[in-house]
Every structure is written in structure tokens, then in C-alpha cells.
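Here the structure comes first, spelled out in C-alpha cells, and everything after it is commentary.
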Amino acid sequence: MSSVAGKTVIITGSSRGVGADTAKILAGEGANVVINFRQKAPRANKVVKEITEAGGRAVAVQADITDPESRANLFQAATDEFGGLDVLVLNASGGMETDLGEDYALKLNRDAQNDALTDALELLPRGGRVVFVTSHQAHFINQVETMPEYDAVARSKRAGEDTLTARVPELAEKGVDLVVVSADMIEGTVTATLLNRARPGALDERREAAGKLYTVNEFAQEIAKMVTEDVENGHVELVGGAEDFLAKAGK
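Using the numbering used here, read the sequence shown as starting at 35 and increasing by one per residue.
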């Protein structure tokens, strides 16, 4: 895909943070963007308003991607509003919540990602792309330890990545590409804030080890870039602080 102009993109978890900035960037490049939110409609509507006022096209859709019926409504909205789907950005993640059950991290970060891919394949044309957003803490979890407070989430996200990449041969038959985009802790995100609260100084430690942590917008720029970048199916794009993890992993 050489350009997103006129293409339709669903971005899960895009009412704030990295997902919202990715949506604004892609809409600015001419994409039709489906903003997905789980609970906070006003926040999602604000993102849509910013996009449309700038001349872009976007719609906000409430959907919990762990729920099959809700997730189906998300994909139906792309068809109803824009006529189909060309790109799925799997940005929604979590698992540090304390009130959603001890298996919620796996349910969201592995099972829901895989189910969303299955649903998307019903709509994605040849030349379509799926972008899975993750972190170095998750991508390298089998080689590099992370903070105990994040270990379960990191392992669930790695499980999600492994589940998706195992489907690359299936995707290739359908002419659909998968790209994984991984970054270090991101300044200003909910996850970084929660981790720093649980382990004071965690952000400072990562800044020192990485040299620099990406901002929300800087990571969003990298994700948006990988929507159209000419890379191999299953490519993993490591951005921001990867050298530290690669060294620890012995790569």
C-alpha cells in the first residue's frame, strides 16, 4: 500500500494517547478512520471533531474488543460508514486493571487480538495490512526480565504477538500483511504512569537505559509510517530504546 488516502482504517483503543494521535496522523494523510473506544464517548467524539474540523473523515464507535458482538459492530461500522476496511491497527491493550479478573490480560492482549484479526480477514482485501502495537518489555520478555508489576501483562502481549505472527502463512495466502511495531515505555501514557506509580523511578531508569523515551506523538508517527511501509510480512519494527533490549537479549 503506497498511500492511505481514501483507505479505511480501524484503530482499536484510539480515543486517547497513541491510538488517538495515530488516527489524527492517518486522517491527515487522507484515510477514513474508525475511532474505537470502550467507555469514554466524549473523549472519542473529541478526536473525531478534531479530525473533521481539519478536513478529515472519522467516526467514533463504542466496542469492547473482548466481546464478540461488540467487536462485530466495530467492523460493521467500517463497512456502513466507509464501504469496507483496508487496515486494522491493533493498538488496544491493558491488563493492569484490578477489577476485570485475573485472566483479563490474556483475554484482551492475546485472545481479543486474535479474534479481531479473524473478523478483519472477512473484510480486508488483498493488499490490506494489520499492525500490532506492542512494547519492548513485552516483545523481549522471554529474554529480558521486566518489572514484576508488568510481567503478567508483558507475557500476555507477547502471547498475542506470537499468536498473530503464527498466522502469517494464512495471511499471506489472503494477500494481507502483518507488521509488529514495538517501542520502549512511552512518555505520558497510562501504562507508563501506572508503572511509575507502582515502582517510583521506573521511568527515570528507562530514560537512562534508552537514552530517550518516545513521546506519544513520536510513537504514533512510527505506527502510522508502518501502515504503508514496504516491509516483509511478519516484520517487527523496533523503535526507541531497542539497543538496550537487544544487548540484554544477546542479539
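For glycine and all other residues, C-beta sits at the position ideal for the given N, C-alpha and C.
Which residue marks the beginning of the alpha helix (DSSP H) containing residue i, and which one marks its end?
| i | result |
| --- | --- |
| E242 | 236-244 |
| A232 | 224-232 |
| V202 | 202-208 |
Starting from the Cα of residue i, find the closest Cα among the options and give me that residue.
| i | options | result |
| --- | --- | --- |
| G162 | K285, I99, D137, T42 | T42 |
| N79 | L237, A54, D101 | A54 |
| K83 | L157, H269, S49 | S49 |
| N143 | F109, D98, M181, G274 | D98 |
| G194 | E242, E252, D149, V250 | D149 |
| K191 | V215, P203, A283 | V215 |
| F116 | V93, V224, R105, E136 | V93 |
| F166 | R160, E63, S127, V224 | S127 |
| K141 | A186, N176, K285, Q255 | A186 |
| I85 | N66, K285, P76 | N66 |
| L228 | H269, P182, L205 | P182 |
| L280 | F174, F71, K208, V270 | F174 |
The beta strand (DSSP E) with residue i in it runs from where to where?
| i | result |
| --- | --- |
| N176 | Careful: N176 lies outside any beta strand (DSSP E) and carries neither H nor E. |
| Q73 | No beta strand (DSSP E) contains Q73, which DSSP labels as neither H nor E. |
| V121 | 121-124 |
| V270 | 269-273 |
If residue i and residue j are in contact, beta carbons under 8 Å, what's the gap, nearest whole angstrom?
| i | j | result |
| --- | --- | --- |
| R240 | D218 | 6 Å |
| N267 | L198 | With a Cβ gap of about 11 Å, N267 and L198 do not count as contacting. |
| L108 | V95 | 5 Å |
| G274 | L247 | 7 Å |
| A172 | A188 | 4 Å |
| E252 | E271 | Wrong, their Cβ atoms sit about 14 Å apart, outside the cutoff. |
Does residue i come out as helix, strand or coil in the three-state DSSP assignment?
| i | result |
| --- | --- |
| E195 | helix |
| E263 | coil |
| E252 | helix |
| N66 | strand |
| I220 | coil |
| V215 | strand |
| I45 | strand |
| V81 | helix |
| T100 | coil |
| S37 | coil |
Ignore the nearest five residues each way along the sequence and tell me which others in residue i's own chain have a CB closer than 6 Å to its CB.
| i | result |
| --- | --- |
| A112 | T42, I44, V68, L119 |
| A243 | D278 |
Looking only at its own chain, which residues have a Cβ that is under 8 Å from the Cβ of residue i, when we skip the five neighbours before and after it?
| i | result |
| --- | --- |
| T249 | I220, E221, G222 |
Among the residues of its own chain, which have a CB less than 7 Å from the CB of residue i, if the five just before and after it don't count?
| i | result |
| --- | --- |
| T262 | M35, S36, S37, V38 |
| V105 | Reading the sequence as shown, one finds Arg at residue 105 and not Val. These residues qualify, in order along the chain: A97, I99, D149, A150, D153. |
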